[in-house]
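Here's the structure, in structure tokens; my notes come after.
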Amino acid sequence: MAFESKYVWLEGNFVPYEKATIHFMTSSLHYGTGIFEGIRSYATAHGPAVFRLKDHIKRMYRSADILGLSQLPYTEEEVYDAILKLIEMNELEECYIRPLIYIKEGGWNLSVDNTTVEISVAVWKWTNYLGDEALNRGVRANISSFPRHHPNITMTKGKIAGNYVNSVLAKTESVRAGYDEAIMLDPNGNVSECTGENLFVVRDNVILTPPRNSVLEGITRQSIITLAEDLGYRVTEEILTRDQLYIADEVFVTGTAAEVIALREIDRRKIGSGSMGPVCATLQKAYSDAIHGRSVIHDDWLDYVYTAIEQNV
Ligand SMILES: Cc1ncc(COP(=O)(O)O)c(C=O)c1O
16 MAFESKYVWL
26 EGNFVPYEKA
36 TIHFMTSSLH
46 YGTGIFEGIR
56 SYATAHGPAV
66 FRLKDHIKRM
76 YRSADILGLS
86 QLPYTEEEVY
96 DAILKLIEMN
106 ELEECYIRPL
116 IYIKEGGWNL
126 SVDNTTVEIS
136 VAVWKWTNYL
146 GDEALNRGVR
156 ANISSFPRHH
166 PNITMTKGKI
176 AGNYVNSVLA
186 KTESVRAGYD
196 EAIMLDPNGN
206 VSECTGENLF
216 VVRDNVILTP
226 PRNSVLEGIT
236 RQSIITLAED
246 LGYRVTEEIL
256 TRDQLYIADE
266 VFVTGTAAEV
276 IALREIDRRK
286 IGSGSMGPVC
296 ATLQKAYSDA
306 IHGRSVIHDD
316 WLDYVYTAIE
326 QNV
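In this note's numbering, the protein residues as written are 16 to 328.
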């Protein structure tokens, strides 16, 4: 199976992959009250390193706050240590890391109070999320008929499992229509984000991205803003409309799974030259350097698995 590994960190213990099961009567499975993160580890000259691990764990704990979970069974540091150890035990150079918080007991009355919460983590070897050609060629997207969540219906800052039904509806619709990805508009009709990525527009060498109100605060988004500013680009957060996408010089998306990918076509309209533009290419390279430990100034974004474990011993 594509997700298979040797061990899973299950509720505080490292267990063989095939023993990593949870019970059918886990209410999070029924009501979507899981909380997850998507994190990646990359090969570097100093062995595997996890990109912005502490920031991802912090966002996961803040997602738990958003859902109202009060007592998590492990500290952020304990989850951090478990993830590094799990990568080492699975002997993976490059992998995807999926922690999940879930309600193990209780939650049947649709309240998160008086529940027992657990956390588990799986890691597995990763393949390109938007296909092998996406990095070089870019992908094709459409505007989804499904709007992004209203922030007061489900919280857009939380990576809460149930929120992702919105992404699943949009992505399924797009792929069935022959596209690679869906762009969702917010409830006011402005551009929000894609199903698993944040979105950027380039116009006259200025980089624009929708404000944070209706989007997930992507860690890649933040990294790209920093890298772009390092390179001297002006980056602004501003409300963007659908037609601003059509007339952009470039549109690209960012996310842990996808990384930095150009949208070469939107709604059957060619964007810019119809292939990856120069700003996207520059940022894609800067990001690749950062995740693979080739950037001196952003080396603090990486947690080197073996160094971190040795320091903790
Ligand atoms: C809806 C949504 N937007 C944006 C992102 C990008 O976030 P990140 O860069 O932290 O992976 C993701 C991925 O987790 C996502 O699911």
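Each residue gets a CB set at the ideal place from its N, CA and C atoms; glycine is no exception.
Bear in mind that the values here come from a model prediction, so they are computed numbers and not experimental data.
Extent of the continuous alpha helix (DSSP H) run through Pro293: Pro293 to Ile306
Rounded separation between Asp314 and Ala305 - CA only: 7 Å
Sequence-distant residues of the same chain with beta carbon closer than 6 Å to Ala58, five excluded per side: Glu108 and Glu109
Among Gln86, Leu184, Gly211 and Ile72, nearest to Asp96 - alpha-carbon criterion: Ile72
Three-state class that DSSP yields for Arg309 in the structure shown: coil
Whole-angstrom distance between Glu208 and Leu317, CA atom to CA atom: 26 Å
Contiguous alpha helix (DSSP H) assignments of at least 4 residues, all confined to the stretch 173-241: 179-191
Unbroken alpha helix (DSSP H) run spanning Val94, endpoints: Glu91 to Asn105
Three-pair Cβ contact test at 8 Å for the stretch 248-258 versus the stretch 117-135: no
Ile168 classed as buried or exposed, judged by whether at least 16 other C-beta atoms fall within 10 angstroms: exposed
Residue burial classification, Lys285 (beta-carbon count within 10 angstroms, cutoff 16): exposed
Beta-carbon proximity of Val94 to Ile112, cut-off 8 Å: no
Burial state of His164, where buried means 16 or more other Cβ atoms lie within 10 Å: buried
Test item: CB-CB of Val65 and Val320 under 8 Å: yes
Minimum C-alpha distance to Thr271 - residue among Ala263, Gly289, Tyr302 and Arg249: Tyr302
For Ala137: DSSP bridge partner residues: Arg113
Beta-carbon proximity of Pro225 to Leu214, cut-off 8 Å: yes
Proximity of Leu44 and Ile175 at Cβ, strictly below 8 Å: no
Contact set for Phe161: own chain, Cβ-Cβ below 6 Å, skip 5 residues either direction: Leu184 and Ala185
7 Å Cβ shell around Val230 - same chain, five flanking residues per side excluded: Thr171, Ser207, Glu208 and Asn213
Exposure label - Val311; buried when at least 16 CB within 10 Å: exposed
Beta strand (DSSP E) runs contained entirely in the stretch 19-73, provided each spans 3 or more residues: 22-25, 28-31, 54-57 and 64-66
DSSP three-state assignment for Tyr261, whether helix, strand or coil: helix
Whole-angstrom distance between Ile134 and Leu25, CA atom to CA atom: 7 Å
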